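Please read the structure below before turning to the comments.
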Amino acid sequence: MKKSKILLHICCGPCTLYPLKKLREEGFDVTGYFFNPNIHPYQEFRRRIRALKEVSEIKNLPVIYDTNYGLRDFLKAVIYREHKRCEICYLIRLEQVVKKAIEEKALAFTTTLLYSRYQAHELIRDIAEDLSFRHKIPFLYRDFRAGWEEGQEEAKKLDIYRQPYCGCIFSEQERYDKKFRKKMRRVKNEPF
Ligand code: SF4
Numbered sequence: 000m001k002k003s004k005i006l007l008h009i010c011c012g013p014c015t016l017y018p019l020k021k022l023r024e025e026g027f028d029v030t031g032y033f034f035n036p037n038i039h040p041y042q043e044f045r046r047r048i049r050a051l052k053e054v055s056e057i058k059n060l061p062v063i064y065d066t067n068y069g070l071r072d073f074l075k076a077v078i079y080r081e082h083k084r085c086e087i088c089y090l091i092r093l094e095q096v097v098k099k100a101i102e103e104k105a106l107a108f109t110t111t112l113l114y115s116r117y118q119a120h121e122l123i124r125d126i127a128e129d130l131s132f133r134h135k136i137p138f139l140y141r142d143f144r145a146g147w148e149e150g151q152e153e154a155k156k157l158d159i160y161r162q163p164y165c166g167c168i169f170s171e172q173e174r175y176d177k178k179f180r181k182k183m184r185r186v187k188n189e190p191f
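Under numbering that gives the first Met the number 0, the sequence shown has 72 at position 73, and the numbering climbs by one with no breaks.
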C-alpha cells in the first residue's frame, strides 16, 4: 500500500531526528522542507543547511531546500514589532510550508518546531491550525517535545551541529549579551 506523503517543515538538523522517527513509525512517507528566512547571520544559515544535509544523508530523507538568505525580508516583517517577532516568524514560515505542501500534493503538513522545548508550542499549533483551515490542507499536530532528550542524544552521537540560539539576530543577542539579558529581565519585572 502506498504511504501517505507528509511535508515536514524543518528548522534544523538536530530537531529533525525525533519527529522523523515518530512520523516514520506511524507509517508516513516524509519529505522535509527547509524554509527559514529567520536564521542569521549568513554563515550560520549555511551551517544549519550543512547540518541538515548530514541528517538527510544518514536518514535517507528527501529534503527540499530554500537556500535564499531571507535577512532583508525577515527584518522588514518584524521591524518595530520586535515584541511580536516570534508570532510573525512562525506565520511567515508556516504560510510558505502550506503553499509548498499543496504544490507537492502532500496529504498534510507539520513542523519540527513542535519538537523544541524553547518555542511557543501552543502558538505554533494555533497558527498551523488556522492556516490548515484557511487553505484546506490537514495539519498533523504532534507534541514532539516528549522526545527532546532522545533527539538531543542522537544528535550528539551523530556529531550533528547543534546551534546555541534560536535563529534571528535578536535571539543571538539574547543568547550572548549578558547586559542586554539583565536589562530585559528588569523590564519584565517592572510593575506597569
Ligand atoms: S527567536 Fe526564534 S522564533 Fe522568535 S523570531 Fe527569532 S528566530 Fe523566530
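C-beta atoms are modelled at their ideal positions from N, C-alpha and C, and glycine is treated no differently.
Model, not experiment: these values are computed from the prediction.
Query	Result
Does the distance from the C-beta atom of I5 to that of T30 stay below 9 Å?	yes
Applying the criterion that 16 or more other CB atoms from any shown protein chain within 10 Å of the CB defines a buried residue, is I126 buried or exposed?	buried
Round the Cβ separation of P13 and A154 to the nearest angstrom and send it over; I've been treating them as touching at under 8 Å.	4 Å
Which residues count as close to ligand 1 when the rule is a CB under 5 Å from any of its heavy atoms, in chain order?	N37, R84, C85, C88, C165, G166, C167, S170
Kindly list the residues whose CB is nearer than 6 Å to the CB of F191, restricted to its own chain and excluding five residues on each side of it in sequence; keep chain order.	Only weak support is given to the placement of F191: the predicted model assigns it a pLDDT of 39, under 50, and the question is left unresolved by the model.
Residues in its own chain within less than 8 Å of K177 by CB, not counting five upstream and five downstream?	none
For P167 and L130, what's the separation of their Cα atoms in angstroms?	What sits at residue 167 in the sequence shown is Cys, not Pro. So the two alpha carbons sit approximately 23 Å from each other.
Give me the Cα-Cα distance between F27 and N37, rounded to the nearest whole angstrom.	28 Å
Which residue from R185, Q162, F179, R184 puts its Cα closest to that of E43?	Q162
Looking at the strands, I want to know which residues DSSP matches up with D28.	K4
Between T111 and F138, is the Cβ-Cβ spacing less than 9 Å?	no
Let me know the secondary structure DSSP gives Y164 once reduced to three states.	coil
Would R116 and R92 qualify as a contact pair, given that the criterion is a beta-carbon distance under 9 Å?	no
Compute the distance between the beta-carbons of V62 and I159, then report whether it is under 9 Å.	no
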